[in-house]
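In my numbering, the protein residues as written are 12 to 308.
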């Protein structure tokens, strides 16, 4: 045996465990896909028989694989044994591919577009990997944070909770032309509806639904100019109204430097990140979202 072949043999032995380690996998043919989206999934090697499912969604111009490598959810999945679905948006919205939170189809439960595609991914993961239907969560950044709130409104019977980073309330965008900033009425800094109006939008998304609503965690940087910080307050008004809660927090604190947190009962919590721009989630925030979901206990 030559030195080279010996070294290759040693390398093969050393690398063998790596070959079985979990990796990001693309899934095709996952079901009804009106948004023509791509699906990637991360399934940790060590997980319970019925693992929780976290749908983690990228910002405009990003992708599922990009959010996989640029966020902490996969490494936390290894630690806590949950599945992560990384959808990739395919709809062009002025500055890259973004999740559709503007079309009439996307605003109706079962109406089509990206929300239906995402539900297909969840159903596939439940069937293929034994995902727990009682522990499905949504999270995302920017466009993905918008879609997080969107999915909680449309499918309160599917999602147990969500954590939206730099998102907007459900039904903030009038149509496709209203989406790209700064011309958007939603994201130009002047959007102001009453809590009742915001709450009605969610209730009308699934008329007649009387079951439990998903808990909501909201994050926003105070120096965000792309998706204005003022939209955090609009989101708070929406979800507290949905839960029938007061606009006055039941508690407020600073769990970390520059993180100001307001809690509304145990249903809604909002983080104002002092001085942060359009750059969330940053280090440590994914773990706090998972704690809110109940996945770190």
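Quick reminder that beta carbons are idealized off the backbone N, C-alpha and C, glycines included.
Asked                                                                                                  : Found
DSSP three-state assignment for residue 13, whether helix, strand or coil                              : Because residue 13 carries a pLDDT of 44, less than 50, the predicted location of this residue cannot be relied on, and the following value inherits that uncertainty. Correct three-state label for residue 13: coil.
Rounded straight-line distance, which links the Cα of residue 223 to that of residue 167               : 7 Å
DSSP bridge partner residues for residue 281 (one or two, in chain order)                              : 229, 273
Distance CB(residue 227)-CB(residue 250) smaller than 8 Å                                              : yes
Per DSSP, cross-strand counterpart(s) of residue 94                                                    : 64
C-beta atoms of residue 142 and residue 62 nearer than 8 Å                                             : yes
Separation of residue 87 from residue 56, as counted between CA atoms                                  : 13 Å
Alpha-carbon to alpha-carbon, residue 94 and residue 145                                               : 13 Å
Separation of residue 50 from residue 301, as counted between CA atoms                                 : 21 Å
Three-state class that DSSP yields for residue 126 in the structure shown                              : helix
Selected residue, minimal CA-CA separation from residue 199, among 183, 284, 114, 104                  : 183
C-alpha gap between residue 118 and residue 181, whole angstroms                                       : 8 Å
Contact under 8 Å by Cβ, residue 136 with residue 52                                                   : yes
Cβ neighbour criterion (16 or more within 10 Å) applied to residue 255                                 : exposed
DSSP state of residue 51 mapped onto helix, strand, coil                                               : strand
Proximal residues to residue 157 (C-beta, below 6 Å), its chain only, five neighbours per side dropped : 112, 178, 179
Inter-residue spacing [alpha-carbon to alpha-carbon] between residue 101 and residue 110               : 8 Å
Alpha-carbon spacing of residue 105 relative to residue 295, whole angstroms                           : 31 Å
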